[in-house]
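Data block below; observations after.
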Amino acid sequence: MSAITRRRLVRGAATLAGGAVGIGATASLARRLGWLAPDAGEWFGLGEALTYGSHRALMAMHSMAREFSRSDISKVVPVNGPAPETDDYQRLLADDFTPWRLTVNGLVSRPSTFSLADLKRLPSRSQITEQTCEEGWSFIAEWTGVPLALLLDLAGIQPGAKWVVFYPFDQWWDSVDIVEARHPQTLLAYALNQRDLPADHGAPLRVRVPRQLGYKSIKYLSRIEAVASLDHVRNGKGSQSPDEGYSWYAGI
Amino acid sequence: MNQYRPPLVLVTHWLTAVAVFALMISGVAILLAHPRLYWGETGTLGTPSLIDLPLPMVLTGQTGWGRSLHFLAAWVIVLSGVSYVAAGVPRRYFRWPDYNGLQRRTYAIVVFFLAPLAVWTGLAMSPAVESVMPSIVTLLGGHQSARTIHFVAASLITLFVAGHIVMIATSGFTARMRGMIVGSLDVARDRPLDSAQGRSAP
Chain A
9 MSAITRRRLV RGAATLAGGA VGIGATASLA RRLGWLAPDA GEWFGLGEAL
59 TYGSHRALMA MHSMAREFSR SDISKVVPVN GPAPETDDYQ RLLADDFTPW
109 RLTVNGLVSR PSTFSLADLK RLPSRSQITE QTCEEGWSFI AEWTGVPLAL
159 LLDLAGIQPG AKWVVFYPFD QWWDSVDIVE ARHPQTLLAY ALNQRDLPAD
209 HGAPLRVRVP RQLGYKSIKY LSRIEAVASL DHVRNGKGSQ SPDEGYSWYA
259 GI
Chain B
341 MNQYRPPLVL VTHWLTAVAV FALMISGVAI LLAHPRLYWG ETGTLGTPSL
391 IDLPLPMVLT GQTGWGRSLH FLAAWVIVLS GVSYVAAGVP RRYFRWPDYN
441 GLQRRTYAIV VFFLAPLAVW TGLAMSPAVE SVMPSIVTLL GGHQSARTIH
491 FVAASLITLF VAGHIVMIAT SGFTARMRGM IVGSLDVARD RPLDSAQGRS
541 AP
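So the sequences go chain by chain: A and B. Here this note's numbering runs 8 ahead of the position in the first sequence, where the first position is 1. Here this note's numbering runs 340 ahead of the position in the second sequence, where the first position is 1.
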């Protein structure tokens, strides 16, 4: 009995030590390959790291969110959170967003600004996708806009850019990795169900990231920044979400 | 001769126990943000529900830690479940010699049906996983159906856990705990569970 116990103890200790070394090596490899979520240092970091890492390591980078037909479009389009009440935003709203400009800067060769009319002249994409709220409800709608990848290429995004950060007119901000930013369904949407985006849904321009939960789809967009690292962007966690208790990665 | 449960069974059992507890707490935290269940692809306030749970709608941000804890626990339970089943099939853990027919059937349903169903329907709620394998959702009849089935599977697992704890408490709690902590099976043999009544009081 005691001999078995000792042998088990030694074997157990060796397994633990091997496991610890393995986890350390995996974490460093994951960071190098960009498979480590920016908020992996938080309380639930291990779970976030496993989920995001396995999604990026094991799943097809270019998998497409399901698209539906017009007859599937939901009659009820829920609103989550009202439009910003700041003077800046209210003035733009009153002026039909004519003075509004989207700034694209950071690690780009040609930092640019775009008016709403500029964006509408660019090649567009329409997609009927489901948006799922982290609370549990979901709806299907048609979104029209400019693929983010197109805009990043127009601005000459540099190879060193690994993350794209979204800054809106309200207090929230967020980011996606370059894989999600370059995904063909990641849109900067200016129309919802073939009409101009209503103020409550993020006018004049919002992000749509259909492979992630709704909270990744930042509304009231003002600026987009390409960066090599998120370490020095605001809280260093890639998003306001971790400060509010939500995970940065919302592919779930 | 003393018989012992394999250490892997003990370790995976307790990892699973902690994870199930965490999954229940966090599952309720997530559910409270929207305690309405739907059938089909979509569903929101203002559309007809399948079940309106008699629970308050709580929007205090508890879904943030709820989801993070839920997924951390899900990783623990999936990894220990896979280890248990992978190691158990060749070593015949699933003969469960000390249990009666009803118990064996119940354990088999939980291990081989309800737990995998909970994992499947859980994954089906992930928009990223869905984009890779759309059939994971369409086979269930839609995203909201997956959420509803997840709730039903989780409720049945909760019922099983409650029954499991009641049976342990009424069939010699200390001996049963010792059996699952140090792994000794001779205690279990002294107090067989497969009597006609299904249990024997200490």
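Positions of the beta carbon are idealized from the N, C-alpha and C atoms, including for glycine. Remember, it's a predicted structure, so these values are computed and weren't measured experimentally.
Checklist entry - Just checking, does the segment 34 to 43 of chain A make contact with the segment 60 to 73 of chain A on the three C-beta pairs under 8 Å criterion? => result yes
Item to check | C-alpha distance - Asp204 (chain A) paired with Tyr198 (chain A), whole-angstrom precision | outcome: Walking along the first sequence from the start, residue 204 (chain A) turns up at place 196. Walking along the first sequence from the start, residue 198 (chain A) turns up at place 190. Those two C-alpha atoms are separated by around 6 Å.
Item to check | Helix, strand or coil at Ala541 (chain B) according to DSSP, with G and I counted as helix | outcome: Taking the first residue of the second sequence as position 1, residue 541 (chain B) is located at position 201. The predicted position of Ala541 (chain B) is uncertain, since its pLDDT is 40 and thus under 50; no value can be drawn from it.
Item to check | Residue range of the unbroken alpha helix (DSSP H) whose run includes Thr498 (chain B) | outcome: For this step, residue 498 (chain B) is matched to residue 158 along the second sequence. It spans His483 to Thr510 - the alpha helix (DSSP H) in which Thr498 (chain B) sits, taken as one unbroken run.
Checklist entry - Which chain A residues are close to Leu472 (chain B), counting only those with a beta carbon under 7 Å from its beta carbon? => result The residue labelled residue 472 (chain B) in the question sits at position 132 within the second sequence. Note that residue 472 (chain B) is Val in the sequence shown, not Leu. Chain A residues near Val472 (chain B): Met67, Ala68 and Ser71.
Item to check | Ordered list of alpha helix (DSSP H) runs contained in the segment 430 to 484 of chain B, each at least 4 residues | outcome: 441 to 449, 455 to 464, 467 to 472 and 475 to 478
Checklist entry - So what does Thr121 (chain A) bridge to, in DSSP terms? => result In the first sequence, the residue the question calls residue 121 (chain A) occupies position 113. The partner list for Thr121 (chain A) (beta bridge, DSSP) reads A:Thr111.
Checklist entry - What does Ser466 (chain B) reach in chain A if we use C-beta pairs closer than 8 Å? => result Looking up residue 466 (chain B) in the second sequence gives position 126. The answer, in chain order, is Gly259 and Ile260.
Checklist entry - So is Glu252 (chain A) buried or exposed if we call it buried at 16+ other beta carbons inside 10 Å? => result Start at 1 with the first residue of the first sequence, and residue 252 (chain A) comes out as number 244. Per the 10 Å Cβ criterion, exposed.
Checklist entry - Looking only at its own chain, which residues have a Cβ that is under 8 Å from the Cβ of Arg539 (chain B), when we skip the five neighbours before and after it? => result Here the question's residue 539 (chain B) lines up with position 199 in the second sequence. Note that Arg539 (chain B) has pLDDT 42, beneath the 50 cutoff, so the model's placement of it is unreliable and no number is given.
Checklist entry - If the cut is a Cβ gap below 9 Å, which residues of chain B does Glu150 (chain A) touch? => result Along the first sequence, one-based indexing puts residue 150 (chain A) at 142. Result: empty, since nearest Cβ-Cβ is about 14 Å, beyond 9 Å.
Next on the checklist: Output needed in chain order: residues of the segment 180 to 191 of chain A with a Cβ under 7 Å from some Cβ in chain B.
Outcome noted: none
Next on the checklist: Quick check: what's the CA-CA separation for Thr13 (chain A) versus Val522 (chain B)?
Outcome noted: Position 5 of the first sequence, counted from the start, is the residue given in the question as residue 13 (chain A). Position 182 of the second sequence, counted from the start, is the residue given in the question as residue 522 (chain B). Answer to the nearest angstrom: the Cα atoms are 11 Å apart.
Checklist entry - When DSSP builds the beta bridges, which residues end up paired with Gly153 (chain A)? => result Residue numbering aside, residue 153 (chain A) sits at position 145 when the first sequence is read from its first letter. Its beta-bridge partners are A:Arg133 and A:Ala197.
Item to check | Beta-carbon neighbours of Arg16 (chain A), restricted to chain B and to distances below 7 Å | outcome: If you number the first sequence from 1, residue 16 (chain A) lands on position 8. Residues of chain B passing the Cβ test: Pro347.
Checklist entry - What residues in the segment 94 to 117 of chain A have a beta carbon less than 9 Å from any beta carbon of chain B? => result none
Checklist entry - By how many angstroms is the C-alpha of Val18 (chain A) removed from the C-alpha of Val418 (chain B)? => result Here residue 418 (chain B) corresponds to residue number 78 of the second sequence, with the count starting at 1. Here residue 18 (chain A) corresponds to residue number 10 of the first sequence, with the count starting at 1. Answer to the nearest angstrom: the Cα atoms are 26 Å apart.
Next on the checklist: So, under 8 Å CB-CB, Leu195 (chain A) and Arg219 (chain A) are touching, yes? Tell me the CB distance rounded to an integer number of Å.
Outcome noted: Position 187 of the first sequence holds residue 195 (chain A). Position 211 of the first sequence holds residue 219 (chain A). Wrong, their Cβ atoms sit about 12 Å apart, outside the cutoff.
Checklist entry - If we call anything under 8 Å between Cβ atoms a contact, is His353 (chain B) one with Glu143 (chain A)? => result Locating residue 353 (chain B) in the second sequence gives position 13, counting from the first residue. Locating residue 143 (chain A) in the first sequence gives position 135, counting from the first residue. The answer is no: Cβ separation not under 8 Å.
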